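Per the working numbering, the very first residue in the sequence shown carries number 35; after that it's consecutive.
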Amino acid sequence: MSNSNFLEGIAIIGISGRFPGAKNVSSFWQNLCDGVESVSTFTDEELIASGISPEFLNHPDYLKVGTTIKDIDLFDASFFGFNAREAEVTDPQHRLFLECAWEALEDAGYNSQNSDSRIGVYAGAGLNNYQSFNFNRDQVGSANSFQKMIGNDKDFLATRVSYKLNLTGPSLTVQTACSTSLVATTLACQSLLNYQCDIALAGGVSIRIPEKTGYLHQEGGILSPDGHCRAFDVKARGTIIGNGAGVVVLKRLADAMADGDNIYAVIKGSAINNDGSGKVGYTAPSVNGQSQVIAEALALADVEPETISYIEAHGTGTVLGDPIEISALTNVYRESTDKKQFCAIGSVKTNIGHLDAAAGITGLIKTVLALKHKQIPPSLHFEQPNPQIDFDNSPFFVNTKLSQWETNGTPRRAGVSSLGIGGTNAHVILEEAPALEESSNSRPWQLLLLSAKTESALETAT
35 MSNSNFLEGI
45 AIIGISGRFP
55 GAKNVSSFWQ
65 NLCDGVESVS
75 TFTDEELIAS
85 GISPEFLNHP
95 DYLKVGTTIK
105 DIDLFDASFF
115 GFNAREAEVT
125 DPQHRLFLEC
135 AWEALEDAGY
145 NSQNSDSRIG
155 VYAGAGLNNY
165 QSFNFNRDQV
175 GSANSFQKMI
185 GNDKDFLATR
195 VSYKLNLTGP
205 SLTVQTACST
215 SLVATTLACQ
225 SLLNYQCDIA
235 LAGGVSIRIP
245 EKTGYLHQEG
255 GILSPDGHCR
265 AFDVKARGTI
275 IGNGAGVVVL
285 KRLADAMADG
295 DNIYAVIKGS
305 AINNDGSGKV
315 GYTAPSVNGQ
325 SQVIAEALAL
335 ADVEPETISY
345 IEAHGTGTVL
355 GDPIEISALT
365 NVYRESTDKK
375 QFCAIGSVKT
385 NIGHLDAAAG
395 ITGLIKTVLA
405 LKHKQIPPSL
415 HFEQPNPQID
425 FDNSPFFVNT
435 KLSQWETNGT
445 PRRAGVSSLG
455 IGGTNAHVIL
465 EEAPALEESS
475 NSRPWQLLLL
485 SAKTESALET
495 AT
């Protein structure tokens, strides 16, 4: 099916992130390629210092594991125009997201303070439990409590970035639980296609304070009984809680190509929907809802399922969720192809746990890097499939080792899924960056580009 009215591609021209075991995107990619599981085991002393009751520590179902990211207590307040008190009361999620937004624009090569482009922000954050450390001493209604509210409420995540970086496009905080950041990405794409902005930042952040807490496993819950996420495996019983943040910079593909931007990959199509009430419970997933959002994203991208060779799944490794996700994907793909096991599948949650509001953008960044490097990283802890998943007769197989991403003449393409508790689903279709012809022979002299906040800092860097 070909139609000239299908959506224009959206170029991903900048990336930034902080992930468990990785302070930046390059180290994140290296960890993925090496099959690193960035899960920490905490000592009793660390857990008690974090406020965990000693009675929990000997509970047979208490897991002393989790994922952490470095330096969440550090922030260059003066760089972003914060005074010390303002920085102290601001949720680390907001601080970290602001840093990542700035880094992503730097990676894209744009100075927001002097840009003629309208830049939008679409983002969401996880549960804020930082404010419980801050609100206790101030009377409700006081000036101090108002400042703390500004620094902690989710409403101000996106608009603070717009204010601090002088971004004048739409600025929206988006919240759909686990699918938040991929929904935010889809809304950012729509904003670009509607010409509400020329560039858009999209992403999410989730940091639980304190980080070193572990968790109590409950049978039938979403948290793993052994501290590992075993997506699609017969031993899969859940995921683990992860902390992290990710941001991508988006631009209409034609504009990015005309402006000579560095293009990591292209969003060919994206869709969001909700399950409605057609499922066993509010927190349960739905085959129909997932199938519909995948089919819509493929239709908008105007690509055939048979040309998709990798899926970054939601992949929480739950007994119920994994079979439903594979069933939904299979239903859609089987409408147009009978081919078996031609599409690799994986889940970044096996490496770093479930990043909640940042989960979708993390899966997207992983897949964008895979397209860029033409390699598919391993999905961890898969040995035998969940008995409810018939991979042998499906279009999919779990990719368990670092693989060269081969192509048979069509561009490399991938799908990314993110599914939120409450039923808001998102699916994005990605394609590798177009090959661009060199405009001329390389010059004998090259520019060395430096970036700094002030004239004195630039002189020091020079």
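Ideal Cβ placement from N, Cα and C applies to all residues, glycine included.
Note that the structure is a prediction, hence the values are computed from the model and not measured.
Within a Cβ cutoff of 7 Å, which residues of the same chain sit near residue i, ignoring the five residues on either side of it in sequence?
i: N322; result: G312
i: G255; result: G272
i: E338; result: S370
i: G276; result: P54, T101, I386, G387, H388 and L389
i: L492; result: L484 and A486
i: K104; result: K57
i: S452; result: C212, S213, L216, H348, A393, G394, G397 and A460
What three-state label does DSSP hand residue i in the structure shown?
i: T401; result: helix
i: V498; result: The first residue shown for the chain is 35 and the last is 496, placing residue 498 beyond what the model contains.
i: E471; result: coil
i: T341; result: helix
i: G272; result: coil
i: G43; result: coil
i: C377; result: strand
i: T220; result: helix
i: Q409; result: strand
i: Y249; result: strand
i: P478; result: coil
i: A335; result: helix
i: D390; result: helix
i: L108; result: coil
i: F425; result: helix
i: K285; result: strand
i: I49; result: strand
i: N459; result: strand
i: A347; result: coil
i: I256; result: coil
i: N296; result: coil
The ligand NAD and residue i: does any heavy atom of the ligand fall closer than 7 Å to the residue's C-beta?
i: V382; result: This structure simply doesn't include the ligand NAD, nor any ligand for that matter.
CA-CA distance, residue i and residue j?
i: C223; j: F376; result: 29 Å
i: N211; j: I274; result: The amino acid at residue 211 is misidentified as Asn; the sequence shows Ala. For A211 and I274, the distance between alpha carbons rounds to 16 Å.
i: G303; j: H388; result: 24 Å
i: A347; j: N228; result: 28 Å
i: S205; j: K188; result: 13 Å
i: L91; j: D78; result: 7 Å
i: F425; j: C134; result: 38 Å
i: F190; j: V208; result: 11 Å
i: L470; j: R477; result: 18 Å
i: S84; j: N117; result: 27 Å
i: I86; j: I243; result: 12 Å
i: A331; j: S325; result: 10 Å
i: K269; j: S72; result: 20 Å
i: V462; j: N433; result: 20 Å
i: P421; j: Y197; result: 51 Å
i: S381; j: G351; result: 9 Å
i: Y316; j: G454; result: 11 Å
i: Q181; j: I297; result: 39 Å
i: I358; j: V314; result: 12 Å
i: G115; j: I423; result: 52 Å
Return the chain-ordered list of same chain residues with a C-beta closer than 6 Å to the C-beta of residue i, the five sequence neighbours on each side being excluded.
i: L199; result: S146
i: T444; result: T341
i: T384; result: C263, A265, S413, L414 and H415
i: I306; result: V217, T220 and A460
i: S36; result: With a pLDDT of only 39 at S36, under the threshold of 50, the placement of this residue in the model should not be trusted, and no figure is reported.
i: Y344; result: A378, I410 and A448
i: F309; result: In the sequence as presented, Phe is not what sits at residue 309; that position holds Asp. Cβ neighbours of D309 beyond the five flanking positions: S320, G323 and G457.
i: E489; result: none
i: K408; result: W439
i: F430; result: C377 and I379
i: K246; result: F76, E80 and S84
i: D295; result: I47
Hey, is residue i's beta-carbon within less than 8 Å of any beta-carbon in chain C?
i: T444; result: No chain C appears in this structure, which consists of one protein chain only.
Assuming residue i and residue j are in contact, meaning their beta carbons sit under 8 Å apart, how far apart are those beta carbons, in whole angstroms?
i: L284; j: A318; result: No, L284 and A318 are not in contact; Cβ-Cβ is about 32 Å, not under 8 Å.
i: L484; j: T496; result: 6 Å
i: A138; j: I233; result: The pair is not a contact, with the Cβ atoms about 10 Å apart (cut-off 8 Å).
i: D95; j: L250; result: 6 Å
i: A362; j: I328; result: 6 Å
i: A392; j: S215; result: 6 Å
i: V281; j: L235; result: 6 Å
i: L436; j: W63; result: L436 to W63, Cβ: 11 Å. No contact.
Who are the Cβ neighbours of residue i in its own chain at under 8 Å, not counting the five residues just before and after it?
i: V300; result: G43, I44, A45, I46, L287, L464, E465, E466, A467 and P468
i: K487; result: F113
i: P419; result: F266, D267, V268, F425 and V432
i: A121; result: F109, A111 and R129
Review point. Taking one C-beta from the segment 384 to 401 and one from the segment 365 to 376 each time, how about it: are there three or more such pairs within less than 8 Å?
Key: no
Review point. Do the segment 155 to 167 and the segment 230 to 248 touch if we need at least three Cβ pairs shorter than 8 Å?
Key: yes
Review point. Are the segment 64 to 80 and the segment 96 to 107 touching by the rule of at least three beta carbon pairs closer than 8 Å?
Key: yes
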